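>
Residue numbers (my numbering): 16 to 187.
Have a look at this one:
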């Protein structure tokens, strides 16, 4: 009798915890759907990677506009500025991608389906370097990120290691 009581308390606790967890996911999903988001990221490429893959590109600045739909799809428009340490010129690259998204267990999961990009605006980077940057961008998109709710207009997406992204609301 005593064990049945303890077991039923444990089951009730698990069920209530599950409902709480799902309601938290639902709340974050609703906030993500209600607004359009933007992110700004600057990546400094260490010299050892520049030589092997990125060539003379030593800094990539990313400005993206991102929207999540209730049907589980997302759309993103990204402007990348590729800066070379050899010249003061920068090359701009425009990437659009769309795909599916969901929040599960407090993590944002994104899977790109359609990925389109233009060519860099000048010859500061080679075709090979541009392809490496595009592949890196695709891989970053597919990474699951823990969602930390900062406030109604700011979300922190924490990835593996030190890679974190702040999404800020563009809506008023």
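C-beta: ideal position from N, C-alpha, C; glycine also. Keep in mind the model is a prediction, meaning the values are calculated, not measured.
Could I get the ranges of all uninterrupted beta strand (DSSP E) runs contained in the stretch 65-124, with 3 residues as the minimum, in chain order?
Segments of the beta strand (DSSP E) lying fully in the stretch 65-124: 72-83, 88-99 and 105-119.
> Looking at the secondary structure, which residues open and close the alpha helix (DSSP H) in which residue 160 lies?
Careful: residue 160 lies outside any alpha helix (DSSP H), inside the beta strand (DSSP E) at 160-166.
> Let me make sure I understand the geometry here. Which of 54, 155 and 157 has the alpha-carbon closest to that of residue 94?
Cα-wise, what sits closest to residue 94 is 54.
> Please report the straight-line C-alpha distance between residue 181 and residue 60, rounded to a whole angstrom.
One C-alpha to the other measures close to 20 Å.
> Looking at the secondary structure, which residues open and close the beta strand (DSSP E) in which residue 59 lies?
51-59
> Among 154, 184 and 161, which one has its Cα closest to the Cα of residue 167?
184
> For residue 51, count neighbouring Cβ atoms within 10 angstroms of its own Cβ and tell me buried if that reaches 16, exposed if not.
exposed
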